[in-house]
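Have a look at the structure below, then the notes.
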Amino acid sequence: MRFEHTTDQRDFARSLDKLVAGSDPIAVARAWAEGDHAAGLTLWARLAEQGVTMLATEASPVEVCVAFEVLGRHSVPGPWVESAAYLPVALGREVAGVATVAVPPHTPYALDADVAEAVYLDSGRGEPTLVPPERRASEPVVSVDPTRRLFRVGEAVDVAGVSGSRAFDLAALATAAQLLGLGERVLADSVTYVTQRRQFGREIGSYQAIKHQLANVRIALDFAQPLVYGAAVALSEPAGTAERSVSAAKVQAAEAAYLASRVGLQVHGAIGYTREHDLSVFLTRIRALVTAWGTPAFHRSRILDSLLGERIGSA
Amino acid sequence: MDLDLSPGELAFRDEARAWLAANVPADPLPSMDTSPGWRAHQEWEARLAADRWSVVSWPEEFHGRDASLVEWVVFEEEYYRAGAPGRVSQNGIFLLAPIIFGHGNPEQQRRWLPTMATGEQIWAQCWSEPEAGSDLASLSSTARRDDERGGWVLNGQKTWSSRAPFADWGFGLFRSDPDAQRKHDGLTYFCFPLDAAGITVRPIAQLDGEPGFAEVFFEDVFVPDADVLGAPGDGWRVAMSTAGNERGLSLRSPGRFCAAADRLVDLYAATRTSSATERVVDAWIRAEAYRLYTWGTVTRLADGGEMGAAGSVNKVWWSELDVALHETALDLLGPEAEVAGPWLDGYLFSLSGPIYAGTNEIQRNIIAERVLGLPREAKGARA
Ligand SMILES: Cc1cc2nc3c(=O)[nH]c(=O)nc-3n(C[C@H](O)[C@H](O)[C@H](O)COP(=O)(O)OP(=O)(O)OC[C@H]3O[C@@H](n4cnc5c(N)ncnc54)[C@H](O)[C@@H]3O)c2cc1C
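Next up, the structure:
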């Protein structure tokens with residue numbers, strides 16, 4: 000029993016973090032939102048070189064989460080969940096280059112289909128199928144997160160099969176890990192801000208009303224983290240209850256990150272309510288990911304079904 | 006990273022599981038805050054101790070099994086899953102014993118630990134005073150030096166001492182140096198029999214009507230030097246090493262929350278009250294988070310790390326989880342919720358969680374200041 004990252008995993012996180020932090024990821028995200036993908040694709044290639052796109056097939060879900068936590072912390076744009084979590088598992092091989100997929104009903108739109116070299120649709124009948132260029136709609140659907148450029152790819156068919164697959168679970172878990180990183184980032188930036196900003200002659204971070212809100216975020220994130228990595232460990236094992244562990248991780252990580260975003264905005268005051276401030280890059284991403292790859296309601300119902308099924312099974 | 010138990014740990018778990026299956030009383034014991042319930046719980050402690058299950062993590066010479074931290078958590082998981090009774094001895098074995106192991110001399114260890122392990126002597130924590138709750142260091146009960154008799158004379162009043170109405174011994178802090186510069190200095194940690202001359206224990210009924218705690222009055226109570234824990238004047242430091250235990254890992258192992266969450270799902274399966282569905286799932290998720298968080302803590306501690314202020318994060322989580330679990334169960338019970346039963350008992354008890362062991366407001370102050378590094382609020386308002 001060793002429920003802690005290994006030294007290798009920690010080193011991997013640190014090196015990815017250094018790489019991303021050094022590439023001005025906020026500027027990358029802002030450009031991506033404007034439709035200028037050059038810097039984002041350069042960063043993509045460098046991360047792929049570090050192995051991020053092969054983790055799903057070559058490493059364990061723990062490493063996948065380690066990487067996605069870093070992607071979240073810097074709000075790196077692009078269809079990472081699609082290319083580095085869902086598709087490699089669904090197709091059974093590493094994806095070369097940027098790819099994306101729509102998995103209706105949970106992920107009805109293909110993220111960044113305008114930059115992806117391959118666009119797939121997974122309707123739960125075997126492997127995801129390639130969407131021919133003429134069937135990719137050209138007008139993006141506007142997301143709350145301007146870096147998420149969403150595209151309709153053909154008809155959405157409502158199928159249940161996909162949401163029980165390992166590919167879906169890894170995608171949901173990677174999203175949870177990203178939310179964890181996003182939440183940690185917003186908390187860290189908020190702590191920095193409240194120790195600098197002064198009102199009524201003292202740092203606002205010395206007011207208990209502010210402190211307790213930030214303490215609540217610390218608590219929520221501290222308990223989301225073990226659910227994410229516990230689900231990663233569960234997903235590494237052949238049988239068991241990994242599905243509901245993934246759902247628990249997604250629900251709690253989304254809740255913690257969302258709390259971080261609400262509190263983060265509140266303690267920043269009006270400056271936080273501007274597009275100009277970097278906080279906005281994280282807030283809108285968090286809001287988008289709360290419902291991406293399975294809404295909280297969907298994941299809660301999966302947990303409940305599993306718990307009740309267990310009881311019927313043993314009765 | 007993994008969550009696998011070693012073959013030795015699995016064997017330990019199986020042994021514990023088998024023993025509990027064979028020994029846990031079929032019917033719940035009466036409340037430990039009544040005379041018959043107290044006796045029944047002491048008998049249960051004796052039964053646990055007879056087969057060395059009362060203090061698994063202690064050394065073998067003190068009735069323990071030298072169990073590792075992992076094994077302790079495993080044992081607790083099994084204990085609560087088996088529906089075993091609450092621990093009447095918990096103030097002693099979880100709060101005081103670590104101090105006796107760490108700061109007590111060999112004579113004190115031999116004198117106090119074995120009877121604590123068997124439940125023969127039950128201990129009460131006498132820390133809070135009427136004017137010193139959250140601000141514990143502002144306590145005013147005094148200890149006056151008596152060189153002639155080789156000891157100290159205690160005066161003052163403690164309050165909210167859990168189990169004190171029936172307990173045998175108490176432990177607490179007294180101001181031994183009235184001239185100390187800081188309020189945290191000049192405090193000394195004492196142990197004393199609650200039937201000593203000059204001690205009066207007045208039981209106080211809790212929200213459930215039972216005398217779960219008490220006021221303890223000290224009038225010229227003599228305590229020999231042999232019953233001082235740690236160095237005189239060093240009481241705050243000694244005491245704070247127990248506070249970490251109370252808030253952190255020891256007092257609330259995940260076992261009881263996981264077991265309660267399981268019972269909550271059972272209750273839901275039986276009632277299917279759709280308006281509470283989401284809260285049932287959330288209670289289960291939060292218990293699961295607590296279980297996994299604990300494994301992370303156990304790994305860190307096994308690597309030589311310290312609990313530190315993370316104990317405060319823990320305390321807020323389990324106490325609020327406990328309330329949420331029980332509130333949800335009451336909602337599922339509908340009109341039956343107001344009628345006596347285990348969920349209602351558990352609910353009333355859960356309400357005290359955000360208050361005792363340092364209120365959750367104080368814990369949040371600690372998290373903000375010591376974990377997040379935020380500035381102190383103002384002079385005087387220190388956690
Ligand atoms: C069931 C139960 C069992 C207990 N058992 C024991 C026991 O065995 N031994 C023992 O010694 N004590 C025991 N206690 C007492 C417990 O430790 C105290 O109640 C607790 O420390 C709070 O102190 P208080 O009740 O005096 O509240 P106060 O300190 O008066 O606090 C009242 C309110 O003010 C808030 N507050 C106080 N200071 C601050 C601050 N700086 N910032 C923000 N808010 C603040 C508190 O959070 C609380 O909400 C028990 C209590 C209960 C309920």
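Quick note, the sequences are listed as chains D and V, same order.
Going by the working numbering, the final residue of the first sequence carries number 314, and the count climbs one at a time with no gaps.
Going by the working numbering, the final residue of the second sequence carries number 388, and the count climbs one at a time with no gaps.
A virtual CB, placed ideally from N, CA and C, is assigned to each residue, including glycine.
Check: residue i C-beta below 7 Å from any heavy atom of ligand 1
i, result
"S167(V)", "yes"
"C64(D)", "no"
"Y273(V)", "no"
"T402(V)", "Nothing about residue 402(V) can be read from this structure; chain V reaches only from 6 to 388."
"S143(V)", "no"
"A129(V)", "yes"
"F179(V)", "no"
"S146(V)", "no"
"Q329(D)", "For residue 329(D) there is no data in the structure shown, the boundaries of chain D being 0 and 314."
"N96(V)", "yes"
"W289(V)", "no"
"I311(D)", "no"
"N319(V)", "no"
"I285(D)", "no"
"Q162(V)", "no"
"I390(V)", "Residue 390(V) lies beyond the stretch modelled for chain V, which goes from 6 to 388, so this question has no answer here."
"I360(V)", "yes"
"G316(V)", "no"
"F171(V)", "no"
"G138(V)", "yes"
"F218(V)", "yes"
Distance CB(residue i)-CB(residue j) smaller than 8 Å
i, j, result
"E3(V)", "R299(D)", "Beyond the ends of chain V as shown, which are 6 and 388, falls residue 3(V); an answer cannot be given."
"Q130(V)", "S146(V)", "no"
"S244(D)", "G229(D)", "yes"
"A294(V)", "F167(D)", "no"
"P78(D)", "A55(D)", "no"
"E81(D)", "A58(D)", "no"
"A89(D)", "D121(D)", "yes"
"R257(V)", "W323(V)", "yes"
"L159(V)", "F179(V)", "yes"
"P145(D)", "A32(D)", "yes"
"D71(V)", "M0(D)", "no"
"V5(V)", "L74(V)", "One cannot answer for residue 5(V) here, as it falls past the ends of chain V, which runs 6 to 388."
"F2(D)", "G301(V)", "yes"
"H331(V)", "G351(V)", "yes"
Identity of the residue in the options nearest residue i by Cα
i, options, result
"R217(D)", "G182(D), E202(D), V250(D), Q207(D)", "G182(D)"
"P76(D)", "A112(D), A241(D), L234(D)", "A112(D)"
"A266(V)", "N370(V), V286(V), A281(V), T278(V)", "V286(V)"
"E50(V)", "A31(V), T120(V), T39(V), A87(V)", "T120(V)"
"G107(V)", "A23(V), Y352(V), S246(V)", "S246(V)"
"A201(V)", "R180(V), F223(V), G191(V)", "F223(V)"
"K17(D)", "R72(D), E62(D), H36(D)", "R72(D)"
"C263(V)", "V78(V), P33(V), Y361(V)", "V78(V)"
"L307(D)", "L356(V), L269(V), D350(V)", "L269(V)"
"I290(V)", "A238(D), G293(D), L226(D), S235(D)", "L226(D)"
"F297(D)", "A37(D), P139(D), E242(D)", "E242(D)"
"M37(V)", "L379(V), A87(V), R375(V), Q47(V)", "Q47(V)"
"G339(V)", "A281(V), V61(V), E136(V), L15(V)", "A281(V)"
"T128(D)", "V114(D), V102(D), V141(D), L149(D)", "V102(D)"
"T299(V)", "L337(V), S355(V), E82(V)", "E82(V)"
"R310(D)", "D271(V), S279(V), E341(V), V303(V)", "D271(V)"
"R134(D)", "G153(D), V141(D), A117(D)", "G153(D)"
"R207(V)", "S167(V), D239(V), F227(V)", "S167(V)"
"V51(D)", "T240(D), Y85(D), D188(D)", "Y85(D)"
"D213(V)", "I204(V), E125(V), L356(V), A23(V)", "L356(V)"
"G180(D)", "A20(D), R261(D), S74(D)", "S74(D)"
"A102(V)", "A23(V), R187(V), G175(V)", "G175(V)"
Tell me whether the segment 54–73 of chain D and the segment 169–188 of chain D touch, counting them as touching only if at least three CB pairs, one residue from each stretch, are closer than 8 Å.
Contact holds: three or more Cβ-Cβ distances are below 8 Å.
Problem set entry | Segment contact, 8 Å Cβ cut-off, at least three pairs: the segment 88–95 of chain V with the segment 212–219 of chain V | No: fewer than three Cβ pairs fall under 8 Å.
For the pair the segment 280–296 of chain D and the segment 205–219 of chain D, tell me if three or more CB-CB distances fall below 8 Å. Touching, no.
Original post:
Is it true that the segment 229–246 of chain V meets the segment 181–194 of chain V, where meeting means three or more beta-carbon pairs spaced less than 8 Å apart?
Top reply: Yes, the segment 229–246 of chain V touches the segment 181–194 of chain V.
>> With a threshold of 8 Å, are at least 3 pairs of Cβ atoms found where one atom belongs to the segment 361–379 of chain V and the other to the segment 310–329 of chain V?
In response: At 8 Å Cβ cutoff, the stretches touch.
Specify whether the segment 107–117 of chain V and the segment 138–156 of chain V touch according to this definition: at least 3 beta carbon pairs, one from each stretch, less than 8 Å apart. Short answer: they don't touch.
Three or more beta-carbon pairs under 8 Å between the segment 168–180 of chain V and the segment 125–144 of chain V, yes or no? Counting C-beta pairs with one atom in each stretch, the segment 168–180 of chain V and the segment 125–144 of chain V have three or more that are closer than 8 Å, which means they touch.
Check your understanding: Going along the segment 165–182 of chain V in order, which residues come within less than 9 Å of chain B, judged by CB to CB distance?
Key -> Going by chain labels, chain B is absent from the structure shown, which instead holds the protein chains D and V.
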